[in-house]
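Protein chains in written order, with the numbering used here: chain A, 3 to 153; chain B, 5 to 368.
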Amino acid sequence: MRKTRLPVLVRRLPQSVNAENVRVLLGELDSFLKADGPRLVFDLSQVEEMDAAGVDMLLRCVTEATKRDGDLKLAAPSARALVILELTQLDRLFEIFETPAEAAASFGVTLTTENADEPLASASSDGNGTESGESTPEPQLRSGRSDSDVA
Amino acid sequence: MRTAAIIIVQDSNQSSVHDFTGAGSAPFGNRNLALLDVLGESVLNRTIARLQRYGVQPISVVSDIDLAHAPRLSWDGATADLEYTEAGELLASVERLLFEYSRQDFKALVLIQLTAYAELDYFDVLRYHRDHGRAVTTVQDAEGALPVSVFNLKQEEECAELLRSFWNGSLWHRNRPGASRYVFDGYLNRLESPYDFRRLVTDALTRRCELRPLGREVRPRVWLGDGARVDSGARILGPAYVGAHSKVRAAALLTRAASVERNCEVDCGTVIDDATVLPFSYLGPGLEVAHTLVDGGRLLHLARNLELEIQDRRLLGRLRSPSPLLRLRDRVMARVRSGASNDLFAPTDSPEPASFHTAGEIAP
Chain A
3 MRKTRLPVLV RRLPQSVNAE NVRVLLGELD SFLKADGPRL VFDLSQVEEM
53 DAAGVDMLLR CVTEATKRDG DLKLAAPSAR ALVILELTQL DRLFEIFETP
103 AEAAASFGVT LTTENADEPL ASASSDGNGT ESGESTPEPQ LRSGRSDSDV
153 A
Chain B
5 MRTAAIIIVQ DSNQSSVHDF TGAGSAPFGN RNLALLDVLG ESVLNRTIAR
55 LQRYGVQPIS VVSDIDLAHA PRLSWDGATA DLEYTEAGEL LASVERLLFE
105 YSRQDFKALV LIQLTAYAEL DYFDVLRYHR DHGRAVTTVQ DAEGALPVSV
155 FNLKQEEECA ELLRSFWNGS LWHRNRPGAS RYVFDGYLNR LESPYDFRRL
205 VTDALTRRCE LRPLGREVRP RVWLGDGARV DSGARILGPA YVGAHSKVRA
255 AALLTRAASV ERNCEVDCGT VIDDATVLPF SYLGPGLEVA HTLVDGGRLL
305 HLARNLELEI QDRRLLGRLR SPSPLLRLRD RVMARVRSGA SNDLFAPTDS
355 PEPASFHTAG EIAP
């Protein structure tokens, strides 16, 4: 039996993660999070500010992802982002990696360096077990590019 | 020996004006840390109290900060005269006061530029000054000069010149004619950075210095200020301090020399570990505040040397300053208490018993 899985989605969060842009971000991720087994990586390297809405968004995303047998991992947090994660104790809830590539690798896929620098990238593993990374255009989070794994 | 004192409180970049009067807060690096509360009282108030204990009276505070109208500053106008002046006029004001004290037949003047916390024995300093009979006595420790000098007001003209040297720093030059040098080996914190400020708090809570928290020691090394409220489900592991009228809600934890200054609120489940929360700060529920100074929405992470401002009332925020009437009441109560005991460092009896629940786990 073959089960279709979405690629790992790597999303670089903006400098300010606040109530204003959280709604847009959630809107963009909504359909991805409602798919089966969503695997997400948030790249926090640019994040300088995060308010309670940003914290809520992280919690909401991880809740939605785990509910559907997926996960959300965090990568490359800036010093400021890390202080906020520690302050809100989210550092205990999330797996945090030094780079998006390492976070993607923890899902069993590889993200190439050039893709890791993109604001939005997805990484996937092909059916033969060879891993590759691709970038996707910003709004097309669900581009229909899904790979297959043998369940 | 009749001795007066002038304390100069300088804040030329005006950051503290914004800090103590507005809703925001200036970066910690721009502040005069001697004005921030340390376990219930600022270094300024503690310096005034120390001078009074040694019989130095009157005391004038010359400042370019309007201390009398700063609602978040613990300033008791009854203990010292306050002269508020423009930053550029400070020297002229000090000079004028020096001549006034000289005319009033004071023998000596202690001049302090308030940038450090020093546990000076003023009896000893004044005796040394009298014995050496010089125009000025400077104070220094093993690491260098302290911004404290004693002027001989009998030598008025020389004092005026030495005052200008005090101002430009040349007073401490070695072999300065007319100056004797008193060597101090007591407790000193130069308050040069927020790290020093936090060290002063931990030194006081662990009794490495004479500075004592303002409040009652309800358990060994756990102090509560007047009207502090700790929920029965909260835990306080000493040494720790909760300032006057602060609230610590259920399941909160204070540990490793945590200090929560007056009029703060620590919401449910929040952990304060090796951190200081400055007055009128709100900490939202479920936070972990470690190795940090917090002032309203501003947070300085001491371990990472990183300062950030969080503009979200649900995480961190500034609580409203009390009305002028409440402040007046607090001042009156403070005066009543100080009338009962002249020692301002003595633990005070709360006029309204702190609603401290003995059921709460407070371990030494």
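C-beta atoms are modelled at their ideal positions from N, C-alpha and C, and glycine is treated no differently.
Residue i, DSSP secondary structure in three states
| i | result |
| --- | --- |
| T206(B) | helix |
| F109(A) | coil |
| N172(B) | helix |
| L157(B) | coil |
| R94(A) | helix |
| Q56(B) | helix |
| N346(B) | Any reading at N346(B) is ruled out, since the residue's pLDDT is 43, under 50, leaving its predicted position unreliable. |
| K111(B) | coil |
| H305(B) | strand |
| N117(A) | Confidence in N117(A) is poor, its pLDDT being 46 and thus under 50, which makes the residue's placement too unreliable to answer from. |
| S193(B) | It should be pointed out that residue 193(B) corresponds to Asn in this sequence rather than to Ser. Three-state result, N193(B): strand. |
| I11(B) | strand |
| E66(A) | helix |
| A139(B) | coil |
| D278(B) | coil |
| S97(B) | helix |
| G273(B) | coil |
Pair within 9 Å by beta-carbon distance, residue i and residue j
| i | j | result |
| --- | --- | --- |
| F44(A) | R14(A) | yes |
| A261(B) | A244(B) | yes |
| V187(B) | V152(B) | no |
| K111(B) | T7(B) | yes |
| H295(B) | D278(B) | yes |
| I52(B) | A84(B) | yes |
| A248(B) | G273(B) | no |
| Q14(B) | T142(B) | no |
| D41(B) | L228(B) | no |
| Q91(A) | E51(A) | no |
| E265(B) | S285(B) | yes |
Cβ of residue i within 9 Å of any chain A Cβ
| i | result |
| --- | --- |
| E269(B) | no |
| R302(B) | no |
| V293(B) | yes |
| D316(B) | yes |
| R308(B) | yes |
| H305(B) | yes |
| L323(B) | no |
| L297(B) | no |
| L319(B) | yes |
| L157(B) | no |
| I10(B) | no |
C-beta neighbour in chain B for residue i, strict 9 Å
| i | result |
| --- | --- |
| R62(A) | no |
| V111(A) | no |
| N23(A) | no |
| V12(A) | no |
| Q26(A) | It should be pointed out that residue 26(A) corresponds to Val in this sequence rather than to Gln. It does not; no Cβ of chain B falls within 9 Å. |
Where residue i falls, given that 16 or more other Cβ within 10 Å makes a residue buried
| i | result |
| --- | --- |
| P9(A) | buried |
| S33(A) | exposed |
| R202(B) | buried |
| D38(A) | exposed |
| P224(B) | exposed |
| T36(A) | In the sequence under discussion, the amino acid at residue 36(A) is Lys, which differs from the Thr named in the question. Classification for K36(A): exposed. |
| N172(B) | exposed |
| M5(B) | exposed |
| E214(B) | exposed |
| R94(A) | exposed |
| E45(B) | buried |
| D135(B) | exposed |
- Item | Members of the segment 72-97 of chain A near chain B, C-beta cut-off 7 Å | Answer in chain order: A81, R82, V85, E88, L89, T90, Q91.
- Task: Check distances from the C-beta atoms of the segment 43-55 of chain A to those of chain B and list, in chain order, the residues that come in under 9 Å.
- Result: Within the segment 43-55 of chain A, the residues whose Cβ lies closer than 9 Å to some Cβ of chain B are E50, E51, M52, D53, A54, A55, listed in chain order.
- Task: With 7 Å as the limit, tell me which residues of the segment 39-52 of chain B have their beta carbon closer than that to any beta carbon of chain A; keep them in chain order.
- Result: Listed by position along the chain: nothing, the set is empty.
- Query: Taking Cβ-Cβ distances below 9 Å as the criterion, which residues of the segment 258-290 of chain B are in contact with chain A?
  - Reply: Of all residues in the segment 258-290 of chain B, V275, G288, G290 have a Cβ within less than 9 Å of some Cβ in chain A.
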